[in-house]
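Residue numbers (this note's numbering): 1206 to 1319.
Beta carbons: idealized from backbone N, C-alpha and C, even for Gly.
Down below is the structure, laid out as structure tokens.
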Amino acid sequence: GDWFVVDYTATNVGNCSVGFYEVVVESCPDCSPFAPPPVSAVLVNELVFSHVPTRDFIGDGRVDFLDFAALTSFMGATNCADLNWCEGTDLDTDGDVDDNDLLLFADYWLESTQ
């Protein structure tokens, strides 16, 4: 049967598309025995998804009260900058940690991140 192996690691926030192709090796009786055979690939399926910033600020594999405490320790901060974004708690990366970030955090409450 058909099988696929996907080894994938998200490195950035944003949209991602993973295509699955069926590879067909054509027969070519007139081709040189030393030349590779003609090959074609047909898209069979495509997965499209979006990576979001982690809400697991502590890194223990779960979005819980420890992460909420980390978020609230930056609540009201207005000096969040690129590369750190207040240790990741500025989820919408608008430069501050506010109610919008709390709402984004709440979407993943008690979710596993592993």
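1) Do three or more CB pairs link the stretch 1295-1305 to the stretch 1237-1255 at distances below 8 Å?
2) Please classify D1306 as buried or exposed, where buried requires at least 16 neighbouring CB atoms within 10 angstroms.
3) May I ask whether a heavy atom of the ligand MN can be found less than 7 Å away from the beta carbon of V1253?
4) Taking A1246 as the reference, give the member of E1292, E1227, V1218 with the closest Cα.
5) So which of T1277, N1284, S1317 has the shortest CA-CA distance to L1308?
6) Out of D1261, A1311, T1294, state which residue places its alpha-carbon closest to the alpha-carbon of T1283.
7) What residue ranges within the stretch 1214-1300 form continuous beta strand (DSSP E) runs of no fewer than 3 residues, ordered along the chain?
8) Taking the alpha-carbon of V1253 as reference, which of C1236, V1223, S1232, G1264 has the nearest alpha-carbon?
Put simply:
1) Touching, no.
2) Sequence index remark: in the sequence shown, residue 1306 carries index 101 (1-based). Only buried fits D1306, as 16 or more other CB atoms lie within 10 angstroms of its CB.
3) In the structure shown, the ligand MN is absent, as is every other ligand, since no ligand is present at all.
4) For this step, residue 1246 is matched to residue 41 along the sequence shown. Comparing alpha carbon positions, the residue from E1292, E1227, V1218 closest to A1246 is E1227.
5) Counted from its first residue, the sequence shown places residue 1308 at position 103. Distances from the CA of L1308 to each of T1277, N1284, S1317 were compared; the closest alpha carbon is that of T1277.
6) Looking up residue 1283 in the sequence shown gives position 78. Ranking D1261, A1311, T1294 by Cα distance to T1283 puts T1294 first.
7) As summarised for the stretch 1214-1300, the continuous beta strand (DSSP E) elements at least 3 residues long and confined to that stretch are 1219-1230, 1244-1256, given in chain order.
8) Numbered from its first residue, the sequence shown carries residue 1253 at position 48. Looking at C1236, V1223, S1232, G1264, the one whose alpha-carbon comes closest to that of V1253 is V1223.
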